[in-house]
Amino acid sequence: RGLGPDFAIPGFTNGKIRAEELRRCVRGKARELLQNISSTSPATINVMWQRLTEYYDDAASSVNEILKVVQNLRADRAEDYRSLAKFADKVEGCHTQLTTLNQLGCISMRDVDAMSSLLPVSVKEEWHGRYATLSGSDQIHPFNKFKNFMVEKREGVIRLMEHQHTSTRRMD
2 RGLGPDFAIP GFTNGKIRAE ELRRCVRGKA RELLQNISST SPATINVMWQ
52 RLTEYYDDAA SSVNEILKVV QNLRADRAED YRSLAKFADK VEGCHTQLTT
102 LNQLGCISMR DVDAMSSLLP VSVKEEWHGR YATLSGSDQI HPFNKFKNFM
152 VEKREGVIRL MEHQHTSTRR MD
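Counting with the numbering used here, you get residues 2 to 173 for the letters of the sequence shown.
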């Protein structure tokens, strides 16, 4: 957001190469947006950047994409530390993006309930205990507190992940 192609892709001077480098670096929806733009002209980078700007500078579309991520969150394995850390990363990423867009209120109590239902039982119970101590307004809009809780959990499981990885290697 707010960056031009000169800032985002500074190491390349040829427009065609810059367009190909941009196409190589993007994923997901951004890749879809650029897939049908030919990179045969030096001016293509500007066309590509304009397409990305039109889509990503639209706050409603950005919020909608973030909400899709929230709705599609899933926990891979209940007691796998790596999965819990990845889950926390996604929650934190969504929180950061919505904060940047000043749209944190888009995540409701129901959304947080749905996310917490994916957690391992012990972590879910701990979250529900924490939730019970929140103020009335934080209980209605608990996403900020849930994100903080998930960051704490991630920090706690990082050491356990290292231990889990070491134990697995020893057994092999």
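Yeah, the Cβ is synthetic: ideal placement off N, Cα and C, and Gly gets one too.
Point to revise | Close Cβ partners of Glu93 (< 7 Å) along its chain, the five nearest in sequence each way excluded | key: Lys148, Met151 and Val152
Check your understanding: To which residues of the same chain is Arg75 closer than 7 Å at the C-beta, ignoring the five residues directly before and after it?
Key -> Leu119
Point to revise | Cβ contact check for the stretch 123-136 and the stretch 86-105: 3 or more pairs under 8 Å | key: No: fewer than three Cβ pairs fall under 8 Å.
Review point. Quick one: is Ile108 buried, meaning 16 or more other Cβ sit within 10 Å of its Cβ, or exposed?
Key: buried
Check your understanding: For the stretch 43-72, which segments carrying the alpha helix (DSSP H) assignment without a break, of at least 4 residues, lie completely within its bounds, in sequence order?
Key -> 45-57 and 60-72
Check your understanding: For Val124 versus Phe144, is the C-beta spacing smaller than 8 Å?
Key -> no
Point to revise | Nearest candidate by alpha-carbon position, reference Leu68, set Gly106, Gln140 and Gly16 | key: Gly106
Point to revise | Leu4 - DSSP class collapsed to helix/strand/coil | key: Model confidence at Leu4 stands at a pLDDT of 48, short of 50, so the residue's coordinates are unreliable; what they give is reported in the following sentence. Correct three-state label for Leu4: coil.
Practice item. Within the same chain, show all residues whose beta-carbon is closer than 7 Å to that of Tyr1, passing over the 5 residues directly before and after it, in chain order. Key: In the structure displayed, the chain extends from 2 to 173; residue 1 sits before or after that span and is not available.
Exercise for review: Would you kindly check if the distance between the Cβ of Leu34 and the Cβ of Tyr56 is under 8 Å?
Suggested key: yes
Exercise for review: Taking Cys95 as part of the alpha helix (DSSP H), name the residues at either end of that continuous run.
Suggested key: Counting along the chain, the unbroken alpha helix (DSSP H) around Cys95 starts and ends at Tyr82 to Thr101.
Review point. What residues in its chain sit with their C-beta under 7 Å from that of Cys95, if we drop five residues either side in the sequence?
Key: Ile67, Val70 and Val71
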